[in-house]
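To keep things clear, I will list the structure first and then write my remarks on it.
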Amino acid sequence: MASLGCGNPIAVADLRKGERVLDLGSGGGLDVLLSAKRVGLTGRAFGLDMTDEMLALAQRNAATAGATNVEWLKGHIEAIPLPAASIDFVISNCVVNLAADKPAVFREIARVLRPGGRIGITDIVADDALTAEQRAERSSYAGCIARALTFSEFRFGLEAVGLTEVSLTVSHAATEGMYSVIVKSRKGLGVGLESPTEAASVQPCGCAGGSQ
Ligand SMILES: C[S@@+](CC[C@H](N)C(=O)[O-])C[C@H]1O[C@@H](n2cnc3c(N)ncnc32)[C@H](O)[C@@H]1O
Numbered sequence: 222m223a224s225l226g227c228g229n230p231i232a233v234a235d236l237r238k239g240e241r242v243l244d245l246g247s248g249g250g251l252d253v254l255l256s257a258k259r260v261g262l263t264g265r266a267f268g269l270d271m272t273d274e275m276l277a278l279a280q281r282n283a284a285t286a287g288a289t290n291v292e293w294l295k296g297h298i299e300a301i302p303l304p305a306a307s308i309d310f311v312i313s314n315c316v317v318n319l320a321a322d323k324p325a326v327f328r329e330i331a332r333v334l335r336p337g338g339r340i341g342i343t344d345i346v347a348d349d350a351l352t353a354e355q356r357a358e359r360s361s362y363a364g365c366i367a368r369a370l371t372f373s374e375f376r377f378g379l380e381a382v383g384l385t386e387v388s389l390t391v392s393h394a395a396t397e398g399m400y401s402v403i404v405k406s407r408k409g410l411g412v413g414l415e416s417p418t419e420a421a422s423v424q425p426c427g428c429a430g431g432s433q
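Printed below as a string of C-alpha cells:
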C-alpha cells in the first residue's frame, strides 16, 4: 500500500478525536487510513479520487486494516461531492498540482471546510522566478508534476477564497527550482465564501499518477 505522494500531510495535521477529514486524491488510501486512526471512531475520514482502480485499491486496504470510520468518494477535487461546511480538516498528498482547474480546487476546499477548519497539504511548488516554460520542462523531467503552482500563486489562490494564516514550508527539493512543500492554512471563524478571484491559470493535465 505504497504512497504515491510527495510528502507526509498527516505529520503536520493536528487531527483531533471526532473530527471529519477529507483527503483530496486519496490514491491507495494510506493517508485516509492514518487519519482515521487519529480521529478515532467518533470521527470520519473521507478519501476522494477520480479513478475506479485507486478507489478499489483503497477499499481493499481499508478492509485489510479493519477501518470502519472511512468512506471512499468517486469524483474530482474540482467538484467535491460533499456538502458545504462538512469537513474539519482537508489533507492532500501531491494532487493539487495535477488538477486541471486549480481555482476550482481552492473554491471547493473553502466551501467544504467548516469555519475554523484547517488544511495540511503537501504538493510540488515552483520558484516564483520560473517561467511557465521552465516549469513545464522540469515537470517532465521530474515525473508526474502536471502543472505546479508557484509559491505566490498557491498563497494567493488560498487567500482569494478566504483562507487565512497561509504558510508554505519547503520539505525538500524535487528538481531544480521545484520543491515538495507543506501548505497549511485555515478558514476564519464566520468566514463565508465570497466571489473568489481567479488565482491561477487553467492547464489541462494528462497525468493521472505520481511517484516518490
Ligand atoms: C500522485 S497520486 C497521489 C495519491 C495519494 N495522495 C498518495 O499520496 O499516495 C495522485 C492521485 O490523485 C488522483 N487524482 C489526480 N487528479 C485528480 C482530480 N482532479 N480529482 C480527483 N482525483 C485526482 C489520481 O487518480 C491518483 O490516485
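Quick note on my numbering: the sequence shown kicks off at 222 and runs consecutively. Beta carbons: idealized from backbone N, C-alpha and C, even for Gly.
According to DSSP, what are the bridge partners of residue i?
i: Arg407; result: Arg339, Thr385
i: Thr272; result: Per DSSP, none; premise fails for Thr272.
i: Asp244; result: Gly268, Ile312
i: Ala234; result: DSSP lists no partner for Ala234.
i: Ala394; result: Tyr400
i: Thr371; result: Ala347
Report all residues from its chain with a CB closer than 6 Å to the CB of residue i; omit the five preceding and five following residues, and keep chain order.
i: Arg259; result: Leu236
i: Val291; result: Val253, Ala257, Ala266, Ala283
i: Arg376; result: Val387
Alpha helix (DSSP H) containing residue i: first to last residue?
i: Leu254; result: 251-260
i: Glu329; result: 323-333
Would you identify the three-state DSSP class for residue i, choosing helix, strand or coil?
i: Lys295; result: strand
i: Ser307; result: coil
i: Ala347; result: strand
i: Ala300; result: coil
i: Ala353; result: helix
i: Thr285; result: helix
i: Leu225; result: coil
i: Leu278; result: helix
i: Gly239; result: coil
i: Asn290; result: coil
Can you list, in chain order, the residues of its chain with a C-beta nearer than 8 Å to that of residue i? Leave out the 5 residues immediately preceding and following it.
i: Pro336; result: Ala306, Lys408, Gly409, Leu410, Gly411, Val412
Looking only at its own chain, which residues have a Cβ that is under 7 Å from the Cβ of residue i, when we skip the five neighbours before and after it?
i: Glu240; result: Val260, Gly264, Asp309, Phe310
i: Val233; result: Gly341, Ile403, Lys405
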